[in-house]
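Working notes for the structure below.
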Amino acid sequence: MIMIADLPDDLESEILSRVPAKSLWELKATCKRWYALFRDPRFVEKNTRRGRIWTSSLIYFIVTEWNTRLVVWNPCTGQRRKIKPRTRYRSEDRYALGYSTSSSSSSSGRRYKILKYWFYRTKQGVLVADCEIYELSSDSWKVLDSFTLDYSLYFNGMSLKGDTYWVAGHESGGADFFSMKFDFTAERLVRFLLPFQSFNLLDTKLLSVVRDEKLSVLHIDDMTDVMRIWVTNKIDDDEEDWQRLVVEE
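Just so you know, the UniProt record's numbering puts 4 at position 4 of the sequence shown, and the rest follows in order with no gaps.
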């Protein structure tokens, strides 16, 4: 079993930068190395920027404060594009960036898209999600069918190989936490299991990307402060196989 101290410094920093600030404060006394890392201005900037920037391959999708505008930026070419909304932007809007693959599209085979989604409750208390897709190549929005939810999505999504992943769980809590993936090629949500059970909504459950080819999940037990990290096989197959990498008590 690999302990967290055995991880490369860059991988350890990348994983910890995605932990919510409140949880980082609780972890600062774990060891002197982490205490110094959490005070590093570069680490602090990376941690605070996580909620505003989504990335997929070489294109970055940036959301400004209050969701007043959307900007797509390609750091290789320096090109920026302001995205006009189909109707308007709302403070409750959420976003994900990804791409679909098609042999008939550009030379890279990628068609970059933005998923815009927001939640509301009906008079009967049912949670409903409305979704729109923006495609960069056609500069156009498309409305997807609304669907009801019996779960909540936690934190911002993680982009990996064109798709976006979230930790999700039923609002009543319990042990039924799982991950949801939005497939940008099929334009649909797919559910798959996480490698742990959690009975506490206050537990930290955080997804991250490892070297652009694997998905990792960090779980910190709120009661015991035991931290565990799992990593998947390469995300090329329909099923994710989790391997426990780290246990830190």
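For each residue, glycine too, the CB sits at the ideal point set by N, CA and C.
Exercise. What separation, rounded to the nearest whole angstrom, lies between the Cα atoms of residue 119 and residue 233?
Worked result: 32 Å
For this session: Check the C-beta distance from residue 184 over to residue 162 and give it rounded, since I have them as a contact under 8 Å.
Result: 5 Å
For this session: Sort 131, 218, 124 and 123 by Cα distance to residue 85 and report the nearest one.
Result: Closest in C-alpha terms to residue 85, from the list 131, 218, 124 and 123, comes 131.
Exercise. So the beta strand (DSSP E) residue 130 belongs to, where does it begin and stop?
Worked result: Residues 127-135.
Exercise. Going by beta carbon distance, what residues of the same chain come within less than 6 Å of residue 81, once the five residues before and after it are set aside?
Worked result: 72
For this session: Measure the CB-CB distance between residue 112 and residue 136 and report whether it falls below 8 Å.
Result: yes
Problem set entry | Residues of its chain near residue 202, where Cβ-Cβ distance is below 6 Å and the 5 sequence neighbours each way are ignored | Once the five neighbours on either side are set aside, the close Cβ partners of residue 202 are 222.
For this session: Using 10 angstroms around the beta-carbon of residue 156, count the other beta-carbons present and answer buried if the total reaches 16, otherwise exposed.
Result: buried
Problem set entry | Nearest candidate by alpha-carbon position, reference residue 199, set 224, 176, 215 and 230 | 176
Problem set entry | Residues bridged to residue 215 [DSSP beta-bridge criterion] | The partner list for residue 215 (beta bridge, DSSP) reads 209.
Problem set entry | Per DSSP, cross-strand counterpart(s) of residue 117 | 94 and 131
Exercise. Which residue's Cα is closest to the Cα of residue 164: 95, 74 and 141?
Worked result: 95
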